[in-house]
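First up is the structure itself, then whatever we jot down about it.
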DNA sequence: ATAGGCTAAGTGGTATGACCACTTAGTGAG
DNA sequence: CTCACTAAGTGGTCATACCACTTAGCCTAT
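Here it is in structure tokens:
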């Protein structure tokens with residue numbers, strides 16, 4: 003038992019979440035109950051919970067309890083921004099990487115989707131672009147659908163992280179030009195390289 | 003002061019590290035000293051420290067103290083592997099994303115490099131491939147150089163994370179075929195799309 | 001004087017108990 | 001039936017007391 007206690011507790015929590023098939027939004031046992039059941043001090047439980055919170059895995063609400071999170075990980079983003087990404091280049095890096103990931107997602111999507119998938123996406127995308135007033139939200143919602151269909155959860159999670167950071171830093175590079183968006187959406191029927199071309203045109207039309 | 007205390011402490015620590023220009027390996031004040039100076043309880047200090055530890059920012063050694071870490075973030079990798087990447091598809095996701103990032107890096111590199119950069123890289127790459135016996139290491143070293151020249155730190159950090167995980171899971175997809183590597187390296191002189199083609203051929207030659 | 005072991009101080013690790021602030025549900029008065 | 005209040009439960013914080021471990025300094029025996 004040389005390992006640190008809060009890491010053991012992390013494992014127990016992990017087991018608990020899996021065994022009970024907890025979903026995002028579900029409630030975890032209270033700190034006092036956990037410390038009783040695991041035979042550890044409440045402070046140790048709290049240390050474990052804090053490290054989960056900073057990672058965006060859980061959310062704690064005073065007076066209510068501890069809940070499983072929907073990824074989001076805004077804490078992580080914030081910490082990355084203060085601790086790791088301190089350089090001036092970081093903002094540029096983030097936006098650049100975001101674009102790269104979106105390109106990758108487009109290619110992945112195209113390599114996996116059949117015609118029906120594509121036409122469904124196009125329909126959905128048109129609806130999104132028409133509905134949303136805020137172009138940043140429209141872009142995010144649209145690409146959320148694309149990433150879902152790209153079928154790589156890890157890729158999507160990183161992208162969501164970057165999107166949140168981009169929103170925080172209010173450095174949105176997204177065009178309000180709806181026409182460009184419609185062109186881009188239509189290009190989804192074409193070959194991979196044409197889609198990328200349309201995407202690059204879209205991005206550059208700021 | 004609605005914000006949570008441990009987040010405030012995180013800020014204070016950040017300030018301290020910056021003001022004193024602490025380097026990786028340097029020692030932080032002890033928990034008791036911190037709780038005195040900041041006028042907070044030791045348990046709150048510890049909660050802040052745990053969230054830094056889980057992120058791989060600091061390292062604590064019983065009886066010695068708390069020390070700043072050099073990046074790498076192996077803790078983060080481990081946690082990703084246990085908490086975020088629990089699905090069965092995760093290994094596939096990781097390898098797939100790693101490939102996508104390497105493609106992105108190649109394109110970034112090509113968009114930024116001039117002829118001299120390219121020829122220098124080719125020389126270096128040839129040397130690496132000839133020297134390294136382990137194909138996984140050769141691949142990692144080679145792409146490390148490429149990512150450095152792609153000039154996006156965030157992209158590189160994520161790739162390093164994935165590389166470490168790939169090494170841990172011993173699921174290396176890398177060919178031992180040196181010939182394919184040499185072909186790939188030579189392609190670096192060509193246009194972007196030809197490089198990508200050579201890379202894909204390399205990856206598929208497992 | 002030196003080598004070896006011992007001791008004390010400092011440090012992180014953990015448990016416990018005591019409050020506080022907040023939320024919720026239930027209870028009771030109107 | 002409605003509204004206000006109360007009690008229980010929950011996270012947030014602090015203080016204290018140990019434990020386990022490391023280090024440095026002292027003291028002893030050689």
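Residue numbers (our numbering), protein chains in the order written: chain S, 3 to 208; chain A, 3 to 208.
Just so it is clear, CB atoms sit at the ideal spot from N, CA and C, and this is done for glycine as well.
Item                                                                                                                                                                                               : Value
Could you work out which residues of chain A lie near residue 134 of chain S, taking near to mean beta carbons separated by less than 7 angstroms?                                                 : The premise fails here: residue 134 of chain S is roughly 27 angstroms from chain A at the closest Cβ pair, so nothing lies under 7 angstroms.
Figure out for me which residue from A:161, A:99, A:189 and A:94 has the closest Cα to the Cα of residue 127 of chain A.                                                                           : A:189
Does the beta-carbon distance from residue 18 of chain S to residue 46 of chain S come in below 8 angstroms?                                                                                       : no
Quick one: grab the DSSP three-state call for residue 70 of chain S.                                                                                                                               : strand
In this structure, does DSSP put residue 30 of chain S in helix, strand or coil?                                                                                                                   : strand
Run through DSSP, which three-state label would residue 61 of chain A get?                                                                                                                         : strand
For a cutoff of 8 angstroms on Cβ pairs, would you count residue 17 of chain S as touching chain A?                                                                                                : no
Could you check the C-alpha separation between residue 83 of chain A and residue 132 of chain A for me, to the nearest Å?                                                                          : Any answer about residue 83 of chain A is weak, because its pLDDT of 45 lies below 50 and its placement is not dependable; what the coordinates show is given next. Answer to the nearest angstrom: the Cα atoms are 33 angstroms apart.
I want to see whether chain A comes within less than 8 angstroms of residue 193 of chain S, judged by CB atoms only; does it?                                                                      : no
For the stretch 24-49 of chain A, which residues have a beta carbon sitting closer than 8 angstroms to at least one beta carbon of chain S?                                                        : 45, 48 and 49
I'd like to check one pair, residue 151 of chain A with residue 186 of chain A: are the Cβ atoms closer than 8 angstroms?                                                                          : no
Are at least three pairs of beta-carbons, each pair with one atom in the stretch 10-30 of chain S and one in the stretch 39-59 of chain S, less than 8 angstroms apart?                            : yes
Would you grab the beta carbon distance between residue 161 of chain S and residue 105 of chain S for me? Rounded to a whole angstrom, and I think it's under 8 angstroms.                         : No, residue 161 of chain S and residue 105 of chain S are not in contact; Cβ-Cβ is about 11 angstroms, not under 8 angstroms.
Counting only C-beta atoms, is residue 8 of chain S closer than 8 angstroms to chain A at any point?                                                                                               : yes
Taking only the alpha-carbon atoms, compute the straight-line gap between residue 2 of chain A and residue 142 of chain A and give it to the nearest angstrom.                                     : Summary: the structure shown does not reach residue 2 of chain A, with chain A confined to residues 3 through 208, and so no result is reported for it.
Listing by chain order, which chain A residues have their CB less than 7 angstroms from the CB of residue 52 of chain S?                                                                           : 8, 49, 52 and 53
Applying the criterion that 16 or more other CB atoms from any shown protein chain within 10 Å of the CB defines a buried residue, is residue 60 of chain A buried or exposed?                     : buried
State the CB to CB distance for the pair residue 70 of chain A and residue 25 of chain A, rounded to an integer number of angstroms; the pair is presumed to be in contact (CB under 8 angstroms). : 7 angstroms
The alpha helix (DSSP H) with residue 144 of chain S in it runs from where to where?                                                                                                               : 137-152
Any C-beta of chain S within less than 8 angstroms: which residues of the stretch 130-163 of chain A qualify?                                                                                      : 154, 155, 156, 157, 159 and 160
Buried or exposed: residue 23 of chain A, going by 16 or more other Cβ atoms within 10 Å of its Cβ?                                                                                                : exposed
Taking just the CA atoms, how far does residue 27 of chain S sit from residue 109 of chain A?                                                                                                      : 40 angstroms
What are the boundary residues of the alpha helix (DSSP H) that includes residue 203 of chain S?                                                                                                   : 194-206
Measure the alpha-carbon distance for residue 159 of chain S versus residue 146 of chain S and round it to whole angstroms.                                                                        : 10 angstroms
Counting only Cβ pairs nearer than 9 angstroms, list the residues of chain S close to residue 165 of chain A.                                                                                      : By Cβ distance, chain S contributes nothing, its closest Cβ being about 14 angstroms from residue 165 of chain A, past 9 angstroms.
When the Cα atoms are used, what is the spatial distance from residue 35 of chain A to residue 44 of chain A?                                                                                      : 9 angstroms
Please list, in chain order, the chain S residues whose beta carbon lies closer than 7 angstroms to that of residue 243 of chain A.                                                                : Limits of chain A in this structure are 3 at one end and 208 at the other, which puts residue 243 of chain A out of reach.
If you draw a straight line from the alpha carbon of residue 14 of chain S to that of residue 103 of chain S, how long is it in whole angstroms?                                                   : 34 angstroms
Are the CB atoms of residue 29 of chain S and residue 62 of chain S within a distance shorter than 8 angstroms?                                                                                    : no
In three-state DSSP terms, what is residue 184 of chain S?                                                                                                                                         : helix
Once DSSP output is grouped into helix, strand and coil, what is the label at residue 23 of chain A?                                                                                               : coil
Using Cβ-Cβ distances below 7 angstroms, what residues of the stretch 102-117 of chain S are close to chain A?                                                                                     : 102 and 106
Relative to the C-alpha of residue 144 of chain S, which candidate in S:124, S:157, S:168 and S:115 has its C-alpha closest?                                                                       : S:124
Check each candidate in A:32, A:180, A:182 and A:183 and name the one with the smallest Cα separation from residue 65 of chain A.                                                                  : A:32
For residue 56 of chain A, return the contacting residues in chain S, with the cut-off set at a CB-CB distance below 7 angstroms.                                                                  : 53, 56 and 57
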